[in-house]
Structures are given as C-alpha cells and as structure tokens.
Amino acid sequence: MKKLLVLPVFAIVLMGCGSEYDDTIDGAITYYHEEGAYVDDDIETKDNAEILVWDDGRYISAVFFDEEGNETGDFVMEQVRGNFTEQRGDVDRMRENADADYKERFGEEID
C-alpha cells in the first residue's frame, strides 16, 4: 500500500522540475519555425541549442547546432503580451550584454 502512495508523490515532484520559461522558449522556437523560410524543424530544437532568457522572459535567444557542432541558425525574439517579434540588428551584441535570467545548453539548464 505504501508503494502506491509513493508513485503519485514522485510524479508531482517530477512535474515541478523544469524551467519557468519552458512555455516561453517553446513559443519562441515555434514562432521561429513558422516564420523561417530556411528552418530545419528536426535539427533546430531545444535539444540542439544554446538558449538565453533575460529581462524576465521578455527576450529569448537561441543558437542551434548540427551534430558536428556547426551553427545552423539563431534568433533573438522579443515577447510582448504573448506575441513574438524577431529582433534584427546586432543580435550578437544583444546576447553579450544580456543579464540572463535563465540559460540552457542542449536541453539542460546551466549556471
């Protein structure tokens, strides 16, 4: 009987794992896939990306890599009221100056 009680508790603990920014990141990647003409949906995923989130989730950056470690694409998105806009200009400088609230590399949170 005790084993049956442990399973639901363990499931609840696992549901708490993950980033508060998961939905925001997923939304930005989905927008990038929908808007991008030269996007490879199979390669350009969270599992193949370096991701930064800053300004309380307002800005999301992703750099995607192929199996050989070559960059295949990237974006910086701004999210305002649930709508995404891809940022243009010096996105490398935006990433460098970002005071990241969250960082992820190949699907794993990093410090």
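Per my numbering, the sequence shown starts with residue 1, numbered consecutively. Don't be surprised by glycine CBs; every beta carbon is placed ideally from N, CA and C.
Item: Those runs of the beta strand (DSSP E) which lie wholly inside the stretch 6-77 and span at least 3 residues; Value: 49-54 and 59-65
Item: At least 3 beta-carbon pairs within less than 8 Å: the stretch 83-94 vs the stretch 41-51; Value: no
Item: Burial state of Glu68, where buried means 16 or more other Cβ atoms lie within 10 Å; Value: exposed
Item: Spatially closest choice to Glu104 from Asn97, Met94, Tyr32 and Ile60, by CA coordinates; Value: Ile60
Item: Tyr21 to Asn70 span [Cα, whole Å]; Value: 26 Å
Item: Asp92 (DSSP reduced to helix, strand or coil); Value: helix
Item: Nonlocal neighbours in the same chain, by C-beta distance under 6 Å from Met77, ignoring five residues either side; Value: Ala28, Ile60, Phe84 and Glu86
Item: Exposure label - Tyr32; buried when at least 16 CB within 10 Å; Value: buried
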